Amino acid sequence: MPYADNPFLSRGLASTTLHPLGLEVSHAKGPWIHLSDGTRLFDAISGIGVTNFGHGNEAVKEHLQAQLDRHLHTMVYGEFLQEAQTQASALLRATLPDPLDAVYFLNSGAEAIDAALKLARRVTGRSRLMAVTGSYHGNTLGSLSVSANESRKAAYRPLLPEVEFLEWNDLADVARIDDSVACVLVETVQGDAGVRIPSQDWLQALRKACSKVGALLILDEIQCGMGRTGKPWAFQHFGIVPDVLCMGKALGGGMAMGGIAASKAHLGLFAHGPSLGHITTFGGHPMACSGAIGALESLGKLDFAHVERQNQRWQDALEGHPAVRTVRRLGAFIAVELEDAEAVQKAVEGGLNRSGGEGVLLFWFLSVPHAFRLAPPLTCTEEEMTVGLTLILRALDQAV
Numbered sequence: 288m289p290y291a292d293n294p295f296l297s298r299g300l301a302s303t304t305l306h307p308l309g310l311e312v313s314h315a316k317g318p319w320i321h322l323s324d325g326t327r328l329f330d331a332i333s334g335i336g337v338t339n340f341g342h343g344n345e346a347v348k349e350h351l352q353a354q355l356d357r358h359l360h361t362m363v364y365g366e367f368l369q370e371a372q373t374q375a376s377a378l379l380r381a382t383l384p385d386p387l388d389a390v391y392f393l394n395s396g397a398e399a400i401d402a403a404l405k406l407a408r409r410v411t412g413r414s415r416l417m418a419v420t421g422s423y424h425g426n427t428l429g430s431l432s433v434s435a436n437e438s439r440k441a442a443y444r445p446l447l448p449e450v451e452f453l454e455w456n457d458l459a460d461v462a463r464i465d466d467s468v469a470c471v472l473v474e475t476v477q478g479d480a481g482v483r484i485p486s487q488d489w490l491q492a493l494r495k496a497c498s499k500v501g502a503l504l505i506l507d508e509i510q511c512g513m514g515r516t517g518k519p520w521a522f523q524h525f526g527i528v529p530d531v532l533c534m535g536k537a538l539g540g541g542m543a544m545g546g547i548a549a550s551k552a553h554l555g556l557f558a559h560g561p562s563l564g565h566i567t568t569f570g571g572h573p574m575a576c577s578g579a580i581g582a583l584e585s586l587g588k589l590d591f592a593h594v595e596r597q598n599q600r601w602q603d604a605l606e607g608h609p610a611v612r613t614v615r616r617l618g619a620f621i622a623v624e625l626e627d628a629e630a631v632q633k634a635v636e637g638g639l640n641r642s643g644g645e646g647v648l649l650f651w652f653l654s655v656p657h658a659f660r661l662a663p664p665l666t667c668t669e670e671e672m673t674v675g676l677t678l679i680l681r682a683l684d685q686a687v
């Protein structure tokens, strides 16, 4: 297509789709994104699971400003002790059970996946990797290799070898995990597959099988973590603890950040055999860690009962709309299934219709064309959630 027709390429920016939204942002606060034309959008997706604590979160801003006055980058990760890293680690570890007593801060969720895969091979000395059908873990070659959607992978093959996929939520298939497996990588709640919530029996069977054969259980909570499902971490719903927890998105409070949590014994292996076994220039950047401090402080103050009440109210109203076929939800992590992809397109476009000066931002799933995602900020007031719901129902009217 001609570059002039693409609002990104025409400005010399890479474009990820032929038809980007191309909306110009002025500023954002709470659940609202204000556009340069004076209208505003209720952000019902939290920037795809990033602004869990609202745009312009005051705690995040306070810590960012304080850090800005101290220093920015000083040295690659792992050489200098920096207060922001130490404080973010302490707050994060306080939300996690044993043996997750050490953190490696990185720059993105996909980086966290790659680091976790390396750690599994380093810990076990094995090379065989297992993921799950329906999974989405990122777009680096490593994270793409363990993602299930072949239509997104075919153009980039060959990818990592020795990757196999277990059937999601299939107890019988767990028997394939044997002592040649380095790790089993699972989204605790699958995001891109349309908020698929597994059974506790299945996740506990994975935990038991990994423990039995010495494989690492790696949970990807890049999207479903940081309070999104109604608890600090989604695995807390299911009575299991992973060997490695992958984090990202909301962790930085709006700053680019990822990370893995594991035991000190496991993460300590990156220091030898070889030395510098996993290194990063910008991982644990003091500004990103300062954003994480604000985000983690906000996580600690969440009223999860309020979050549940408001999102149950959304679910009840959505299930009563004639365009809606099914709603899947855990906490504030929601998938809304419509009749088909055309209906979803109409709903998304209807949300962007800012008649009266405001609309609502809905968004697609990559792998479920007949559904759209909802993930409102966890800090919304009852009044804000009412306004957001009204706008969503108005958008859905276009899909009937």
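Numbered by our numbering, the letters in the sequence shown go through residues 288 to 687 in order.
We treat Cβ as the ideally placed atom computed from N, Cα and C, and that holds for glycine.
Note that the structure is a prediction, hence the values are computed from the model and not measured.
**Message:** At the level of alpha carbons, what is the spacing between Q602 and W455?
**Reply:** Each residue's CA atom was taken as its position, placing Q602 and W455 some 25 Å apart.
**Item:** alpha helix (DSSP H) segment containing D603, residue limits
**Value:** F591 to E606
**Message:** According to DSSP, is Y364 part of a helix, a strand, or is it coil?
**Reply:** coil
**Request:** In the DSSP assignment, find the unbroken beta strand (DSSP E) run with W489 in it and report its ends.
**Result:** Per DSSP, W489 belongs to no beta strand (DSSP E); it is in the alpha helix (DSSP H), Q487 to V500.
**Asked** Any chance the stretch 524 to 540 sits against the stretch 383 to 403, with 3 or more Cβ pairs inside 8 Å?
**Response** yes
**Prompt:** Quick one: Cα of V635 to Cα of A552, how far?
**Reply:** 47 Å
**Request:** For K316, name the three-state secondary structure that DSSP assigns.
**Result:** K316 sits in a strand when the DSSP states are folded into three classes.
**Request:** Over the uninterrupted beta strand (DSSP E) stretch that includes M417, give me the two end residues.
**Result:** R415 to V419
**Message:** Please list the terminal residues of the continuous alpha helix (DSSP H) segment that includes C576.
**Reply:** P573 to G587
**Residues bridged to Y443 (per DSSP)** = As computed with DSSP, Y443 is found in no beta bridge at all.
**Request:** Have a look at T338, W319, S313 and G365 and flag the residue whose alpha-carbon is nearest the alpha-carbon of P573.
**Result:** G365
**Item:** Touching by the beta-carbon criterion (3+ pairs, under 8 Å), the stretch 488 to 507 and the stretch 467 to 476
**Value:** Taking a cut-off of 8 Å for Cβ pairs, the stretch 488 to 507 and the stretch 467 to 476 touch, as three or more such pairs fall below it.
**Asked** Around the C-beta of M542, are 16 or more other C-beta atoms found within 10 angstroms, so that it is buried, or is it exposed?
**Response** buried
**Asked** On the three-state DSSP scale, how would you describe F295?
**Response** The answer is coil: DSSP assigns F295 none of H, G, I, E or B.
**C-alpha distance - N293 paired with E311, whole-angstrom precision** = When rounded, the distance between both Cα atoms is 13 Å.
**Asked** From L506, M417 and E508, pick the residue whose C-alpha is nearest to that of G463; which is it?
**Response** Correcting the residue identity first, residue 463 is Arg in this sequence and not Gly. Checked all of L506, M417 and E508; the closest Cα to R463 is M417.
**Prompt:** With C-beta atoms as the reference, is V674 less than 8 Å away from F329?
**Reply:** yes
**Request:** Pull up the distance between the alpha-carbon of L683 and that of P664, whole angstroms please.
**Result:** Straight-line Cα distance between these residues: approximately 20 Å.
**Distance between beta carbons of G571 and I392, contact taken as under 8 Å** = Inspection of the sequence shows that residue 392 is occupied by Phe rather than by Ile. Here F392 really is in contact with G571; their C-beta atoms are around 4 Å apart, less than 8 Å.
**Prompt:** Using the C-alpha atoms, what's the distance from A622 back to R444?
**Reply:** Their Cα atoms are separated by approximately 30 Å.
**Asked** For the beta strand (DSSP E) that T689 lies in, which residues bound it at each end?
**Response** The question about residue 689 has no answer here: the residues shown for the chain are numbered 288 through 687.
**Asked** When DSSP builds the beta bridges, which residues end up paired with D330?
**Response** L648
**Prompt:** Quick one: what's C470 bridged to in DSSP?
**Reply:** L416 and L503
**Prompt:** Count the other CB atoms within 10 Å of the CB of G336; is the residue buried (16 or more) or exposed (fewer)?
**Reply:** buried
**Residues that Y391 bridges to, as DSSP identifies them** = I547
**Item:** Counterpart residues of M542 in DSSP-defined beta bridges
**Value:** G540
**Message:** Let me confirm a value: E624 is counted as buried when at least 16 other C-beta atoms fall within 10 Å, else exposed. Which label applies?
**Reply:** Using a 10 angstroms sphere on the CB of E624, the tally of other CB atoms reaches 16 or more, which defines it as buried.
**Asked** Taking all protein chains shown into account, do 16 or more other C-beta atoms lie within 10 angstroms of the C-beta of M534, making it buried, or fewer, making it exposed?
**Response** buried
**Asked** Does DSSP classify I484 as helix, strand or coil?
**Response** In this structure, I484 counts as coil in the three-state DSSP scheme.
**Prompt:** Mind checking R357: buried by the 16 CB within 10 Å criterion, or exposed?
**Reply:** exposed
**Asked** From the beta carbon of T382, is the nearest beta carbon of chain C less than 8 Å away?
**Response** The chain labelled as chain C is not found in the depicted structure, where only one protein chain is given.
**Asked** So, is S654 buried or exposed, given that buried needs 16 or more other C-beta atoms within 10 angstroms?
**Response** buried
**Asked** Who are the near neighbours of V410 in its chain, counting only those whose CB is closer than 7 Å to its CB and skipping five residues on each side?
**Response** Excluding residues within five positions, the ones whose Cβ falls inside 7 Å are L503, H553 and L556.
**Asked** What do you reckon, are the CB atoms on V473 and V419 nearer than 8 Å?
**Response** yes
**Request:** Assign S430 to one of two classes, buried (16 or more other C-beta atoms within 10 Å of its C-beta) or exposed (fewer than that).
**Result:** buried
**Prompt:** The alpha helix (DSSP H) with V410 in it runs from where to where?
**Reply:** G396 to T411
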